[in-house]
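Notes for the one structure printed next.
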Ligand SMILES: C=C(O[C@@H]1C=C(C(=O)O)C=C[C@H]1O)C(=O)O
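Numbering (full-length UniProt numbering), first residue to last: 1 to 330.
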């Protein structure tokens, strides 16, 4: 995956094929699907020049398709799929239905999800029933997962506020890789969060390690914030939360955690190994301080994007996600 400046037409490098494109833009658009792959837009840029595209490519030819409201493309080993739910007074029912379709699509084609992103308008506002929109979304997600008997061992995920309404969700799935979902011993697994954070706990892992059939390996790190146990730390202190979020990631990808999860080589990684990073900052004015801390911790050659966005708890000021390319693929 790479981050590019926004362009109408994207041409993959020689020998590569587009699997999915996500534009971070100033306007939300419906998902399009042309002869190559789905193109998704997330309203999260403040100016056109802030915008960028997250581009997923593969070495194999890709076949695009539609399944109900879901757009997808697959290459026989990897699948990218996406859906958009329109702005609504409540989201639990629509989330449940769309997630059920996404799970039906992936399992009927023989793929297993390993990384999921959700961008949700008015994330911290109350819905028509007085429930926070994020918690409302979690209810819908939990219902469908419970029906499928999935109460833990979900892949890495991100839920972040979008500037426009509705929900945009996209995910990646694989067919024959070896997937290990990782927790962080310093944090309560999200699916065990107590009820004070909402009627249904969120369901995601802190990271997912994927070793692919062609010898590549990646760690996909979930959106990570300044949380220890289940509690938000450093309230009101964006620098403290940012340092803790980075520290949490360092623990998740470090050798101790790889060993604890019995990952083949037990090879550990450091923050400087992150090759692609998205950093979400609640208050635009805090971006410079967050940038200073992250620039000092992350490699200067990493692709890094800063986005001004709401985060799933109103006391969280910053969140960081990223990818470690342990062994980049062919
Ligand atoms: C920041 C946290 O959670 C956020 C919410 C997620 C979800 O609900 O899927 C996933 C990662 C983060 O974007 C956290 O609870 O640590």
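C-beta: ideal position from N, C-alpha, C; glycine also.
All values derive from a computational prediction rather than experimental measurement.
CB-CB under 7 angstroms to residue i, same chain, minus the five flanking residues each way: which ones, in chain order?
i: residue 222; result: 156, 157, 158, 204, 205, 206, 207, 321
i: residue 276; result: 1, 3, 302, 303, 322, 323
i: residue 57; result: 12, 16, 17, 18, 19
i: residue 105; result: 67, 70, 72, 81
i: residue 271; result: 246, 249, 250, 297, 298
i: residue 265; result: none
Buried or exposed for residue i, going by 16 or more other Cβ atoms inside 10 Å?
i: residue 231; result: exposed
i: residue 195; result: exposed
i: residue 126; result: exposed
i: residue 178; result: exposed
i: residue 129; result: exposed
i: residue 192; result: exposed
i: residue 107; result: exposed
i: residue 283; result: exposed
i: residue 25; result: buried
i: residue 342; result: This structure does not reach residue 342, given that the chain is present from 1 up to 330, and the question cannot be answered.
i: residue 132; result: buried
i: residue 209; result: buried
i: residue 136; result: buried
i: residue 54; result: buried
i: residue 27; result: exposed
i: residue 259; result: exposed
i: residue 118; result: buried
i: residue 309; result: buried
i: residue 200; result: buried
i: residue 98; result: buried
i: residue 164; result: buried
i: residue 7; result: exposed
i: residue 61; result: exposed
i: residue 74; result: buried
Note down, in chain order, each residue of its chain lying with its Cβ closer than 8 angstroms to the Cβ of residue i, except the 5 sequence neighbours on either side.
i: residue 150; result: 203
i: residue 100; result: 144, 147
i: residue 287; result: 281, 306, 308
i: residue 91; result: 85, 120, 127, 133, 136, 137, 140, 167
Leaving out five residues before and five after residue i in sequence, what residues of the same chain have Cβ atoms less than 6 angstroms from its Cβ?
i: residue 269; result: 253, 324
i: residue 241; result: 226, 234, 317, 318
i: residue 39; result: 21, 32
i: residue 261; result: 180, 182
i: residue 219; result: 207, 209, 253, 324
i: residue 176; result: 213
i: residue 217; result: 211, 326, 327
i: residue 197; result: none
i: residue 273; result: 324
What first and last residue would you give for the beta strand (DSSP E) that runs through residue i?
i: residue 328; result: Neither: residue 328 is in no beta strand (DSSP E) and is coded neither H nor E.
i: residue 132; result: Here residue 132 belongs to no beta strand (DSSP E), and DSSP marks it neither H nor E.
i: residue 243; result: It is not in any beta strand (DSSP E) - residue 243 instead sits in the alpha helix (DSSP H) that spans 238-253.
i: residue 54; result: 52-58
i: residue 85; result: 78-85
i: residue 308; result: 303-308
i: residue 38; result: 38-43
i: residue 127; result: Element bounds for residue 127: n/a, residue is neither H nor E.
i: residue 169; result: 167-174
i: residue 348; result: Missing from the structure shown is residue 348; the chain here goes from 1 to 330 and no further.
i: residue 64; result: 63-67
i: residue 181; result: 178-182
i: residue 111; result: Residue 111 -> no beta strand (DSSP E), and no H or E assigned at all.
i: residue 278; result: 274-281
i: residue 204; result: Premise fails: residue 204 is in no beta strand (DSSP E) and is neither H nor E.
i: residue 72; result: 70-74
i: residue 3; result: 2-5
i: residue 222; result: 217-224
i: residue 161; result: 156-162
Which residues mark the beginning and the end of the alpha helix (DSSP H) in which residue i is found?
i: residue 287; result: 287-297
i: residue 100; result: 92-108
Is any beta-carbon of chain B found at less than 8 angstroms from that of residue i?
i: residue 303; result: Annotation note: the requested chain B is absent from the structure, which comprises a single protein chain.
### Query
Does the region 133-152 come close enough to the region 72-83 to have 3 or more Cβ pairs within less than 8 angstroms?
no
### Query
Using 8 angstroms as the Cβ pair cut-off and three pairs as the minimum, do the region 235-253 and the region 210-226 touch?
yes
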